[in-house]
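Per the numbering used here, residue 484 is the first one in the sequence shown, and the count goes up by one each step. Written below as structure tokens is the structure these notes are about.
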Amino acid sequence: MRLAAARRPPARRRRVLRNGRDLQSLAYMVALPALAAWQWIYGLHWLPYGLMLFLTLGIGVVHHNHAHLRMWRRRAANRATDMALTLLQGHPTFVFFPAHAGNHHRHKHGARDLARTYRYGGDTNHLLGYLLHPLQAAWTLYPLFWRWLGRLRRHRPGAWRYCLWQYAAWLGLWGGLLAANPGKALVLVILPQLHGLHWLLATNYLQHAHTDGGPQRHARLSYARNFEGLVNPLLFNIGLHTAHHEHARAHWSELTRLHARHYRHRLDPALVEPGLVPYMLRVFVLGLAWPRCRSRTLMRPEHIVQD
């Protein structure tokens with residue numbers, strides 16, 4: 484009996500990382516500060532700086548994915564990832580819970596979605612709307628954050644303190660770097676982070692402007708635009724938005740299969756774009772001069788609810 488027990492293979496340990504594909508997420512989280520630190524020491528170079536700007540987009544998507552499905556099986560590792568993303572992104576990570584999960588995913592671009600794209604200046608889809616949407620959305624969402632924090636303070640003071648620690652970490656990082664070298668802090672840390680935050684909020688405009696936010700959106704699956712192509716392997720399937728909305732707790736690596744098998748054939752062809760960059764060039768740049776390049780809204784006028 485002892486010999487048999489000795490030969491028995493050890494029990495398989497449970498992986499701490501939920502999905503091995505998140506090694507790509509961790510690589511982005513390591514590469515961004517490494518490139519910033521290298522340029523802080525050796526000087527600004529256009530190639531690593533351009534890569535940094537791209538990585539700030541990836542960090543925003545990593546934050547989004549981590550908020551929907553925690554990256555690790557252990558609470559301490561998830562808390563450490565929250566804090567790391569706060570420092571890398573230049574804003575507390577807790578905001579995804581009230582603004583994204585509690586608002587956007589619940590109302591799916593409908594009349595009660597606080598950051599619906601047609602709330603600001605009508606049902607538009609053009610370059611100015613894309614550029615302004617992050618500022619307009621932030622102005623709308625920050626009161627939501629304060630109300631959410633107020634409720635958290637009353638009912639879950641420990642979680643409230645944790646959110647405040649995220650603010651302290653972010654502002655402490657900016658303050659320390661500005662004290663050390665204001666120019667380098669601004670160029671190598673703050674501006675790239677603001678670039679990433681703008682993209683994170685502007686993605687809502689890309690995915691929902693001129694889609695259908697009316698009351699029948701659930702039946703028609705017309706509330707989101709989808710982008711295929713290179714954006715998905717580079718940015719964690721961020722383009723497959725309908726599948727993500729319908730399976731918010733699915734790991735991002737599963738969205739390719741879900742999109743192809745369950746949703747692509749059911750979507751309006753106008754909501755499936757072959758690529759993100761061609762779409763932006765056609766609609767936001769060429770559309771300035773040629774009306775035929777612009778998108779056409781799927782919203783009925785009576786469904787457009789503004790302030």
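Just so you know, even glycine gets a beta-carbon here, dropped at the ideal spot from N, CA and C.
Please check the pair residue i and residue j, which I expect to be a contact at CB under 8 Å, by giving their CB distance rounded to whole angstroms.
{"i": "M763", "j": "P675", "result": "Actually they do not touch by this definition, with Cβ atoms about 20 Å apart."}
{"i": "A620", "j": "N687", "result": "7 Å"}
{"i": "G722", "j": "L759", "result": "6 Å"}
{"i": "G697", "j": "H638", "result": "Between H638 and G697 the Cβ distance is about 35 Å, and since that is not below 8 Å, they are no contact."}
{"i": "V513", "j": "A560", "result": "Going by Cβ atoms, the distance from V513 to A560 rounds to 15 Å, so no, they are not a contact pair."}
{"i": "A652", "j": "M782", "result": "In fact, because the Cβ distance is near 41 Å, the residues do not count as touching under 8 Å."}
{"i": "L610", "j": "F710", "result": "At roughly 17 Å, the Cβ-Cβ gap does not stay under 8 Å, so L610 and F710 are not in contact."}
{"i": "H734", "j": "N502", "result": "5 Å"}
{"i": "Y625", "j": "H616", "result": "Not really, about 15 Å apart at Cβ, beyond 8 Å."}
{"i": "L656", "j": "W643", "result": "Actually they do not touch by this definition, with Cβ atoms about 21 Å apart."}
{"i": "A726", "j": "L741", "result": "4 Å"}
Under a Cβ-count criterion, where at least 16 other Cβ atoms within 10 Å of its own Cβ denotes burial, should residue i be classed as buried or exposed?
{"i": "N664", "result": "exposed"}
{"i": "W529", "result": "exposed"}
{"i": "V545", "result": "buried"}
{"i": "G543", "result": "buried"}
{"i": "Q690", "result": "buried"}
{"i": "Q572", "result": "buried"}
{"i": "H748", "result": "exposed"}
{"i": "G679", "result": "buried"}
{"i": "H701", "result": "Here the model assigns H701 a pLDDT of 49, short of 50, so the residue's position is not dependable and the matter cannot be decided."}
{"i": "A662", "result": "exposed"}
{"i": "Q649", "result": "buried"}
{"i": "D505", "result": "buried"}
{"i": "L515", "result": "buried"}
{"i": "W773", "result": "exposed"}
{"i": "L682", "result": "Going by the sequence as given, residue 682 is Trp instead of Leu. By the neighbour-count rule (16 or more Cβ atoms within 10 Å), W682 is buried."}
{"i": "Y525", "result": "exposed"}
{"i": "D606", "result": "buried"}
{"i": "R708", "result": "buried"}
{"i": "H549", "result": "buried"}
{"i": "L527", "result": "exposed"}
{"i": "A584", "result": "exposed"}
{"i": "L618", "result": "exposed"}
{"i": "L518", "result": "buried"}
How big is the Cα-Cα spacing for residue i and residue j?
{"i": "L597", "j": "L671", "result": "32 Å"}
{"i": "H476", "j": "W523", "result": "Here the chain has residues from 484 to 790 only, and residue 476 is not among them."}
{"i": "C641", "j": "R553", "result": "Position check: residue 641 holds Gly in this sequence, whereas Cys was assumed. Each residue's Cα considered, the two are about 19 Å apart."}
{"i": "R558", "j": "L654", "result": "24 Å"}
{"i": "R636", "j": "T694", "result": "37 Å"}
{"i": "A520", "j": "E729", "result": "39 Å"}
{"i": "L647", "j": "T576", "result": "11 Å"}
{"i": "T780", "j": "L538", "result": "32 Å"}
{"i": "H724", "j": "L540", "result": "16 Å"}
{"i": "T569", "j": "A563", "result": "10 Å"}
{"i": "L738", "j": "A582", "result": "22 Å"}
{"i": "T623", "j": "R599", "result": "10 Å"}
{"i": "G659", "j": "L669", "result": "12 Å"}
{"i": "L509", "j": "W555", "result": "11 Å"}
{"i": "G612", "j": "R744", "result": "33 Å"}
{"i": "L704", "j": "H547", "result": "21 Å"}
{"i": "G593", "j": "N608", "result": "17 Å"}
{"i": "R732", "j": "L718", "result": "18 Å"}
{"i": "H588", "j": "Y706", "result": "11 Å"}
{"i": "H574", "j": "I673", "result": "11 Å"}
{"i": "E716", "j": "F579", "result": "Strictly speaking, residue 716 in this sequence is Pro, with Glu absent from that position. Roughly 23 Å between the two C-alpha positions."}
{"i": "L750", "j": "K667", "result": "46 Å"}
{"i": "W629", "j": "Y601", "result": "24 Å"}
{"i": "L627", "j": "R595", "result": "13 Å"}
{"i": "G770", "j": "R634", "result": "45 Å"}
{"i": "A494", "j": "L614", "result": "Reliability of the predicted coordinates at A494 is poor, the pLDDT of 44 falling under 50, and no value is obtained from them."}
{"i": "R775", "j": "Q789", "result": "27 Å"}
{"i": "P531", "j": "Q507", "result": "18 Å"}
{"i": "R765", "j": "R777", "result": "7 Å"}
{"i": "A692", "j": "Y645", "result": "35 Å"}
What does DSSP give as the partner residue(s) for residue i in the beta ladder?
{"i": "F710", "result": "E756"}
{"i": "W682", "result": "None; W682 has no bridge partner."}
{"i": "L500", "result": "W555"}
At a threshold of 7 Å, does residue i count as lining the ligand GDP (C-beta to nearest heavy atom)?
{"i": "P698", "result": "The ligand GDP is not part of this structure, which contains no ligands at all."}
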